[in-house]
Structures are given as C-alpha cells and as structure tokens.
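Single-structure report; data block below.
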Amino acid sequence: MIKITFPDNSTREYPKGITGLEIAKSLSNSLAKEVLSVTVNDEVYDLTRPINNDASIKFNKWEDEEGMDTFWHSSAHLMADALESLYPGIKLGIGPSIENGFYYDVDPGDDRTISEDDLPAIEKKMKEIASQKKPYVRKEIPKKEALDYYSDKGDEYKVELLEDLEDGTISFYTHGNFTDLCRGPHLPHTGYIKAFKLLNIAGAYWRGSERNKQLTRIYGVSFPKQKLLEEHLLMLEKAKERDHRKIGKELELFTFSQNVGSGLPLWLPKGAQLRERLENFLKQLQREHGYEQVITPHIGQKELYITSGHYAKYGESSFKPISTPTEGEEFLLKPMNCPHHCEIYKFKPRSYKDLPVRLAEFGTVYRYEQSGELHGLTRVRGFTQDDAHIFCRPDQLKEEFIKVIDIIFIIFRALAFKDFLVQISLRDPGDKEKYIGSDENWEKAEQAIVEATKEKGLEARVEYGEAAFYGPKLDFLVKDVLGRKWQLGTIQVDYNLPERFDLEYTGSDNQKHRPVMIHRAPFGSMERFVAILTEHTAGKFPLWLTPDQVVILPISEKVHNYAEKVLNFLNNCDIRALIDLRSEKIGKKIRDNELKRIPYLLIVGEKEVENNTVSVRKQGEGDKGSMNLEEFTNFVNKEIKNQLESIKK
RNA sequence: GCCGAUGUAGCUCAGAGGUAGAGCGCUUCCUUGGUAAGGAAGAGGUCAUGGGUUCAAUUCCCAUCAUUGGCUCCA
Numbered sequence: 001m002i003k004i005t006f007p008d009n010s011t012r013e014y015p016k017g018i019t020g021l022e023i024a025k026s027l028s029n030s031l032a033k034e035v036l037s038v039t040v041n042d043e044v045y046d047l048t049r050p051i052n053n054d055a056s057i058k059f060n061k062w063e064d065e066e067g068m069d070t071f072w073h074s075s076a077h078l079m080a081d082a083l084e085s086l087y088p089g090i091k092l093g094i095g096p097s098i099e100n101g102f103y104y105d106v107d108p109g110d111d112r113t114i115s116e117d118d119l120p121a122i123e124k125k126m127k128e129i130a131s132q133k134k135p136y137v138r139k140e141i142p143k144k145e146a147l148d149y150y151s152d153k154g155d156e157y158k159v160e161l162l163e164d165l166e167d168g169t170i171s172f173y174t175h176g177n178f179t180d181l182c183r184g185p186h187l188p189h190t191g192y193i194k195a196f197k198l199l200n201i202a203g204a205y206w207r208g209s210e211r212n213k214q215l216t217r218i219y220g221v222s223f224p225k226q227k228l229l230e231e232h233l234l235m236l237e238k239a240k241e242r243d244h245r246k247i248g249k250e251l252e253l254f255t256f257s258q259n260v261g262s263g264l265p266l267w268l269p270k271g272a273q274l275r276e277r278l279e280n281f282l283k284q285l286q287r288e289h290g291y292e293q294v295i296t297p298h299i300g301q302k303e304l305y306i307t308s309g310h311y312a313k314y315g316e317s318s319f320k321p322i323s324t325p326t327e328g329e330e331f332l333l334k335p336m337n338c339p340h341h342c343e344i345y346k347f348k349p350r351s352y353k354d355l356p357v358r359l360a361e362f363g364t365v366y367r368y369e370q371s372g373e374l375h376g377l378t379r380v381r382g383f384t385q386d387d388a389h390i391f392c393r394p395d396q397l398k399e400e401f402i403k404v405i406d407i408i409f410i411i412f413r414a415l416a417f418k419d420f421l422v423q424i425s426l427r428d429p430g431d432k433e434k435y436i437g438s439d440e441n442w443e444k445a446e447q448a449i450v451e452a453t454k455e456k457g458l459e460a461r462v463e464y465g466e467a468a469f470y471g472p473k474l475d476f477l478v479k480d481v482l483g484r485k486w487q488l489g490t491i492q493v494d495y496n497l498p499e500r501f502d503l504e505y506t507g508s509d510n511q512k513h514r515p516v517m518i519h520r521a522p523f524g525s526m527e528r529f530v531a532i533l534t535e536h537t538a539g540k541f542p543l544w545l546t547p548d549q550v551v552i553l554p555i556s557e558k559v560h561n562y563a564e565k566v567l568n569f570l571n572n573c574d575i576r577a578l579i580d581l582r583s584e585k586i587g588k589k590i591r592d593n594e595l596k597r598i599p600y601l602l603i604v605g606e607k608e609v610e611n612n613t614v615s616v617r618k619q620g621e622g623d624k625g626s627m628n629l630e631e632f633t634n635f636v637n638k639e640i641k642n643q644l645e646s647i648k649k
C-alpha cells in the first residue's frame with residue numbers, strides 16, 4: 001500500500017500502482033468526470049499512469065492551468081493524428097499547448113501545402129477520431145529504440161529533438177494509430193475533446209531560427225464543452241471590435257498613406273489632440289519630478305552613432321545614411337535620442353552637485369522595421385518616444401531608478417492599466433558578444449535593477465537575452481486585444497554610453513568621475529501607447545483625455561440658437577464641446593454620437609430652452625435627467641478633477 | 001526578411017471571363033421629429049499597380065506594392 005496525501009493534507013492508503021483516475025473515482029464520480037490530469041509530487045501525470053510510491057497529489061481540472069495544458073496538449077496530438085491520416089508522410093515538428101490553445105508545426109513535404117481552406121477537412125477528421133475515444137497510452141522506451149523509430153519513419157525533426165535529449169528512457173504516447181515522442185501528460189482518451197476549432201495557419205521556422213526551414217504551423221483551440229468554444233469564439237470576435245486599427249479609423253485618430261510610406265503614421269486632428277494631452281500630462285509630471293525638457297534635431301552625424309555603438313549593431317539594418325550634397329557628410333535619421341542627450345550633458349562641465357541631470361524630450365525617431373513586422377500603431381518606422389535620460393552619480397542610481405518606477409505607476413494608474421507584466425531583461429549569458437561594455441559594468445547595472453525592483457516589491461519575471469545591447473532593462477509589458485504582449489514603459493541602466501561619450505562630473509574630491517545613465521520612457525512610444533490605450537478603453541477614453549467631451553444635440557432647428565448658446569458657455573468653461581446640427585431625428589443623433597464614444601450628450605429642445613437647462617445623457621449609460629448649465633459644468637469639472645486627483649494618490 | 005491570406009465607392013463588404021453592386025457615409029430635397037437608425041432623389045469606382053494569357057481580364061496567370069495572421073527581429 002502507498003500513502004496518498006491530498007491538498008488539504010488529509011491522507012488515504014491505496015494499493016501500489018493505482019492511477020489518478022481510480023483515486024478520483026474513489027472520492028467521487030463527479031470529480032472523476034471533471035479531472036484531466038493529476039500532479040504527483042511536482043510532476044504532472046496522466047490520469048492513467050500508475051502511482052507507485054507515497055505521494056502528495058493534486059487533481060487538475062479544466063479550471064486549473066495544468067488541466068487546461070493537458071487538454072490542449074492532447075488536442076495537439078489529436079490534430080497531428082488527423083494530419084497524418086490526411087497527409088501520409090507528413091513530418092512533425094513540435095506541438096505544444098500555449099496560452100490560448102495549441103499548435104503543431106508540420107512539414108507537409110515539398111510538393112504539398114496546407115492552407116486555411118483545408119482546415120475544415122482536418123477538423124472533420126479530428127472529430128471522427130475524438131468520437132472514437134481512443135485512449136492515450138504512455139510507453140517508455142530506450143532512446144536508441146526511439147531514434148530508430150524516427151529514422152525509419154524519415155522524420156528528421158523528431159530525430160533532431162531526440163538527439164538533444166539525455167540518454168535513458170524516452171516516453172512515447174500513442175492513441176489509435178498515432179504515436180508521438182512526448183513527455184506528456186495526456187488525457188485518458190480522445191473523447192474528452194468535445195469542441196475545437198482550428199484558427200489559423202502560419203509559417204514558423206524550425207526551432208525558431210531564421211536559418212532553418214520554415215514549417216507550417218496550425219493553431220487551434222479546444223474545449224471540453226461546445227458552449228465554452230462558442231464563448232471563446234465570441235470573445236475573439238468582440239476583441240476585434242476593440243482593435244486600435246478599427247477604432248483609430250472610426251474615431252479619426254490616425255491613418256496611413258501609401259504615398260507617405262508604410263509604417264509612417266499620420267496623426268489626424270482628434271488623435272493629435274489626444275496625444276498632445278497625454279504629452280502635456282507627462283510633461284507636467286516630469287516637471288514635478290525635476291526633469292528639464294530639451295529639443296534635438298531629427299538627424300545626427302553618422303559618427304555619433306559609431307561612438308554610441310548603435311551603428312555597429314544596427315547600421316546594416318537601418319535606413320541608409322543621408323548626406324550633404326557637396327561635402328558628402330553622412331547623417332542618420334536618429335534611431336534614438338540618447339547620443340544627442342549625451343552631447344547636451346557635455347555642453348558644460350558638471351559638478352557632483354548638479355546631478356542628477358534629467359533631460360526629457362518627446363523625440364521622434366526612425367527605425368527600419370522589417371516589412372513583415374509593421375503593425376498598426378504598435379510597430380511603426382517613425383515614432384515618438386517619451387524619452388528622458390537621467391545622468392546621475394552611482395550613489396544616486398537606485399533612488400533615481402525607483403523614482404522612475406513611481407512615474408510609470410502614476411501613468412499606469414491614471415489610465416487604469418491593471419494587467420501588465422514586469423520583466424527584468426538581462427543579457428544572454430551564453431552570448432556576450434551581442435553586448436558592449438565590461439562584465440563589471442553589466443553586473444553593477446543588473447544588480448541595480450534587481451535591487452530597485454525588489455525594493456519596490458514588484459513581482460518581476462527575469463528574461464535572459466532581452467537586454468538592450470548597452471544595458472539591462474526593466475520593462476513593462478501590456479497585452480493588446482489579441483493577447484499579444486507589447487513593451488510600453490522601459491527603464492534601462494547604462495554604464496556604457498557614459499564611457500563611450502566620455503561623460504564626466506567633478507566629484508567632491510575634485511576628481512573626474514563617470515556618471516551613470518538611466519534611459520527611460522514611461523509610455524514607451526506615443527504611437528504604441530495610444531494604440532494600447534485605445535484597445536483597453538475600447539475608444540472610451542477618460543473624460544480628461546478624450547478629444548470631444550460633450551456633444552449638444554438640438555431636437556429641432558427651432559432651438560439651434562439656444563444650442564449655440566450652450567456651446568459657447570461650455571467652451572468658455574474649458575469644456576470641449578461640439579454640436580450636431582444635422583436635420584436628423586433625436587434618436588439618430590443619439591445613436592451616431594454614442595457610437596463616436598462622446599462621453600456626454602446634451603439634448604436640448606423647447607423644454608430646455610424654457611427652463612434654461614440641458615438634458616444630460618451619459619455615453620453607454622443613458623438619460624441622467626436635466627441640469628442647468630452651471631450644474632452641468634460643475635458636474636463635468638468635478639469628474640475631471642476626481643480623475644486627475646485619483647492619479648496623484 | 002520568411003510562410004500564408006487579402007486588396008472592388010470615404011467605410012464595411014457582395015460579385016462574375018462579356019468593361020460593376022448593397023448597406024452605411026456624403027450632397028440636395030421633404031420632414032422639425034423628445035432619448036440608439038424618418039423618407040426620397042443624386043453624386044461617387046482605370047475593380048491596388050505593372051506585365052502576360054484571351055476575340056474579350058476587374059475576374060485566370062506572373063511580378064510589384066500595400067494591408068493582414070504568424071515566424072524571425074525589435075536600440
């Protein structure tokens with residue numbers, strides 16, 4: 001007998017070799033129906049895998065991350081099975097579960113392609129196999145035998161994967177006629193997979209390297225109930241409604257023109273207004289935090305970037321230099337602002353008493369992004385960073401770093417960004433060639449970030465290989481509506497550029513010292529930030545920020561004069577209002593302006609003229625009753641004040 | 001950059017080897033209507049661009065450009 005300990009610390013005895021499913025059944029039938037896999041000590045087991053020793057176990061259901069993972073992983077096998085039977089000889093790469101479903105990378109062979117049109121046929125085959133309730137069977141075999149199996153099969157991808165595995169036994173999973181090299185765990189049988197949809201198809205390099213062959217990746221998602229699938233698909237549909245590219249068009253925030261060039265956003269009046277308001281908000285915040293605004297040109301001598309190291313690193317993959325017509329001097333469109341700011345620092349000798357020097361600029365930069373990378377406003381070739389560089393003494397570094405974190409949090413709070421990831425981006429220890437600077441400087445910089453993060457009590461994920469080439473970063477990542485992560489705020493510690501630009505200050509010892517630099521951008525870029533903000537708010541921007549706060553809707557022409565009076569009154573009170581004078585019925589005007597996401601609609605008719613009031617309607621909420629103009633302006637101003645005050649807390 | 005898809009009116013989209021359609025928007029007229037779509041008429045398109053096949057191409061083929069789903073990249 002073995003002793004099984006449950007999450008509530010209760011224990012029970014079972015015969016050796018009992019399976020998770022049997023244990024679940026012994027507890028309750030309904031549990032046995034819901035459970036998908038079982039965590040035995042720290043390893044996730046198939047429900048049908050025997051447990052041979054005392055263990056503490058936890059059942060994983062659909063609601064548990066591990067359960068979902070098992071479910072999707074088995075779904076990937078199910079799909080691969082269907083693919084093998086529809087495309088004999090197809091070679092399989094890897095097929096993991098991911099955040100929102102699963103995929104499988106396959107090589108259909110040189111003379112075959114799989115396209116989106118083929119997905120329904122694959123789904124049909126999957127359905128067929130699922131309904132047969134084929135059990136997933138785990139088998140452990142020696143590595144040698146596994147290698148032989150895949151060599152015979154001619155699947156070089158699996159052979160390659162096997163070769164990288166440690167010697168010893170390898171686990172395989174089989175259901176029906178399909179066998180796959182796999183660590184598991186899996187569901188008891190294919191019948192668990194009741195609802196699924198293959199979503200899209202894409203090319204993906206084998207093992208993620210551009211030098212390798214491109215395989216066909218098929219993405220799918222699956223659920224234990226049809227209803228959950230339907231909900232998921234509906235959610236995806238709804239997410240598309242919030243896409244900043246769609247809303248940006250509807251609300252006339254920005255556009256692109258082929259004639260200007262791809263990846264070069266054109267900010268329309270409403271978008272420019274929104275952006276300017278955000279910029280002013282941050283400028284004010286930065287003033288309060290001891291920053292000074294500077295302005296630098298859009299180009300700089302090529303040598304500047306050779307000095308900074310950017311040219312060596314990115315020169316080849318950038319816009320080509322432009323040059324003066326007679327002397328042939330070469331200039332680059334500036335891809336970042338730091339070298340310019342370093343030169344501003346050098347404008348005069350600095351004393352330790354002057355530090356920190358905090359130079360801020362909404363600096364527009366240009367980078368050649370690969371054509372396949374361009375994406376709405378989130379990935380563009382010309383964009384404006386809310387950049388600043390803090391030049392400080394080494395003893396000020398941590399404090400300055402923490403102050404920047406505070407600014408980022410003020411902004412995220414102001415705009416109700418609650419779901420974000422904090423990431424410490426360090427260098428790839430296996431590839432130090434990619435970075436400039438001494439190990440010693442890197443270690444100091446990395447330590448500073450780790451300490452500051454700890455001091456602020458941030459839960460940060462550490463990612464190696466994500467650092468900038470001159471220093472490590474603390475990045476703030478936020479997801480867009482389609483679940484893609486984008487870096488917004490970033491704080492970077494840099495010992496290297498001060499050295500390369502030979503920056504100094506005079507210390508209290510009257511000696512020359514090297515300052516440390518912090519690069520930071522709380523928004524990241526105005527383009528990307530506005531994109532994400534648009535998606536998070538679905539275009540319903542906070543009242544203080546939104547381009548048009550109020551629209552006046554006269555019921556008939558008879559009250560146009562009064563409507564104009566209301567407009568003037570509001571504008572004089574610094575409320576951004578406009579007026580809808582079309583000869584449409586009030587229902588139509590309400591509908592159109594609701595869709596424009598204008599926060600307040602003021603309906604005025606003869607009744608309002610008589611009483612000198614407006615009938616207030618809040619976007620998305622409906623009728624709020626009537627108010628006189630003073631009441632309404634107070635009401636709006638109070639809301640704005642509340643919004644801005646809650647930010648500062 | 002790579003693999004795939006898409007490109008038709010300002011927007012969202014339908015369409016077929018015989019030179020184009022809807023809804024919304026726009027203009028004009030009627031209507032002056034009280035809390036999410038009043039009615040009518042009209043204007044508006046070298047069917048992304050360049051080649052090719054064909055008696056005939058917007059439709060089929062190729063290339064380019066752009067957009068797009070991924071991959072790779074991201075100072």
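Positions 1 to 649 (the working numbering) are the ones given, in order, by the first sequence.
Idealized CB from N, CA, C, for every residue including glycine.
Inset, instruction - Taking only the alpha-carbon atoms, compute the straight-line gap between I411 and P429 and give it to the nearest angstrom. - result: Going by the C-alpha atoms only, they are around 33 Å apart.
Inset, instruction - Check whether the region 554-574 touches the region 499-511, counting contact only when three or more Cβ pairs, one atom from each stretch, lie closer than 8 Å. - result: Verdict: no, contact absent.
Inset, instruction - May I ask you to verify whether the region 537-556 touches the region 267-282, counting CB pairs closer than 8 Å and requiring at least 3? - result: Contact between the region 537-556 and the region 267-282 is present, because at least three Cβ pairs lie under 8 Å.
Inset, instruction - Check whether the Cβ atoms of A204 and L181 lie closer than 8 Å to each other. - result: With respect to L181, A204 sits apart: the two C-beta atoms are not nearer than 8 Å.
Legend entry - Where L591 sits in the DSSP three-state scheme: Looking at the sequence shown, residue 591 is not Leu but Arg. Residue state, collapsed to three classes: helix.
Inset, instruction - Flag this pair as touching only if the region 224-236 and the region 189-199 have three or more C-beta atom pairs under 8 Å; answer yes or no. - result: Contact between the region 224-236 and the region 189-199 is present, because at least three Cβ pairs lie under 8 Å.
Inset, instruction - Could you check what DSSP says for F417 in three-state terms: helix, strand or coil? - result: In the three-state scheme derived from DSSP, where H, G and I count as helix and E and B as strand, F417 is classed as coil.
Legend entry - From G457, P297, F59, residue whose alpha carbon lies closest to that of D42: Among G457, P297, F59, the Cα nearest to that of D42 is on F59.
Inset, instruction - Return helix, strand or coil for A452, following the three-state DSSP convention. - result: If DSSP states are grouped into helix, strand and coil, A452 belongs with the helices.
Inset, instruction - Could you have a look at N200 and say whether DSSP puts it in helix, strand or coil? - result: If DSSP states are grouped into helix, strand and coil, N200 belongs with the strands.
Inset, instruction - Could you please give me the residues that DSSP links to C392 through a beta bridge? - result: Answer is V516.
Inset, instruction - To the nearest angstrom, report how far apart R367 and K158 are at their CA atoms. - result: Near 39 Å, if we compare the C-alpha coordinates of K158 and R367.
Legend entry - Coarse secondary structure for H189, derived from DSSP in three states: In the three-state DSSP reduction, H189 falls in the strand class (E or B).
Legend entry - G382 beta carbon less than 8 Å from that of H244: The answer is no: Cβ separation not under 8 Å.
Inset, instruction - Mark Q549 as exposed unless 16 or more other C-beta atoms lie within 10 angstroms of its C-beta, in which case mark it buried. - result: Q549 is classed as buried because its beta carbon has at least 16 other beta carbons within 10 Å across all chains shown.
Legend entry - Segment limits, beta strand (DSSP E) that includes T174: For T174, the uninterrupted beta strand (DSSP E) run begins and ends at 169-175, by DSSP.
Legend entry - Q132 burial status per 10 Å Cβ neighbour count (16 or more: buried): So Q132 ends up on the exposed side.
Legend entry - 8 Å CB neighbourhood of G176 in its chain, flanking five on each side removed: Only D81, I129, Q132, K134, T190 meet the Cβ criterion.
Legend entry - Option nearest G263 by Cα separation, candidates A521, G290, L374: The shortest CA-to-CA distance from G263 to any of A521, G290, L374 is the one to L374.
Inset, instruction - Under 6 Å Cβ to Cβ from A360, same chain only, skipping five residues before and after it: list those, please. - result: Result list for A360: Q286, Y291, Q293, A388, in chain order.
Legend entry - Host alpha helix (DSSP H) of I306 (start-end): Counting along the chain, the alpha helix (DSSP H) containing I306 begins and ends at 302-308.
Inset, instruction - Note down the Cα distance separating T179 from D69, rounded to an integer number of angstroms. - result: Whole-angstrom Cα-Cα distance: 19 Å.
Inset, instruction - With a 10 Å radius around its C-beta and 16 neighbouring C-beta atoms as the bar for buried, classify L253 as buried or exposed. - result: Looking at its Cβ environment, which holds 16 or more other Cβ atoms inside 10 Å, L253 is buried.
Inset, instruction - Using 10 angstroms around the beta-carbon of G465, count the other beta-carbons present and answer buried if the total reaches 16, otherwise exposed. - result: Label assigned to G465: exposed.
Inset, instruction - Measure the alpha-carbon distance for R211 versus K588 and round it to whole angstroms. - result: So the alpha carbons of these two residues sit roughly 57 Å apart.
Legend entry - Three-state class that DSSP yields for F501 in the structure shown: The answer is coil: DSSP assigns F501 none of H, G, I, E or B.
Legend entry - Reduced DSSP category for L274 - H, G, I as helix; E, B as strand; rest coil: Correct three-state label for L274: helix.
Inset, instruction - Compare the C-alpha of K346 against each of T19, L274, R514 and name the closest. - result: Residue R514 holds the alpha-carbon nearest to the alpha-carbon of K346 among T19, L274, R514.
Inset, instruction - For my contact list, M526 and R275 are in at a C-beta cut-off of 8 Å; report their separation, rounded to the angstrom. - result: Yes, M526 and R275 are in contact; Cβ-Cβ is about 5 Å, under 8 Å.
Inset, instruction - Using three-state DSSP, classify S323 as helix, strand or coil. - result: In the three-state reduction of the DSSP assignment, S323 falls in the strand class.
Legend entry - Where M235 falls, given that 16 or more other Cβ within 10 Å makes a residue buried: By the 10 Å Cβ count, M235 comes out exposed.
Legend entry - Inside the region 1-50 only - beta strand (DSSP E) runs reaching at least 3 residues: Given a length threshold of 3 residues, each whole run of the beta strand (DSSP E) inside the region 1-50 is given here in chain order: 2-5, 11-14, 37-40, 43-45.
Inset, instruction - Specify the secondary structure class of N628 as computed by DSSP and reduced to three states. - result: Of the three classes helix, strand and coil, the one that applies to N628 here is strand, per DSSP.
Inset, instruction - Would you kindly work out how many angstroms separate the C-alpha atoms of F569 and T384, rounded to a whole number? - result: If you take the alpha carbons of F569 and T384, they lie about 36 Å apart.
Legend entry - Where R381 sits in the DSSP three-state scheme: DSSP places R381 in coil when its eight states are reduced to three.
Inset, instruction - Using three-state DSSP, classify N337 as helix, strand or coil. - result: The three-state secondary structure of N337, taken from DSSP, is coil.
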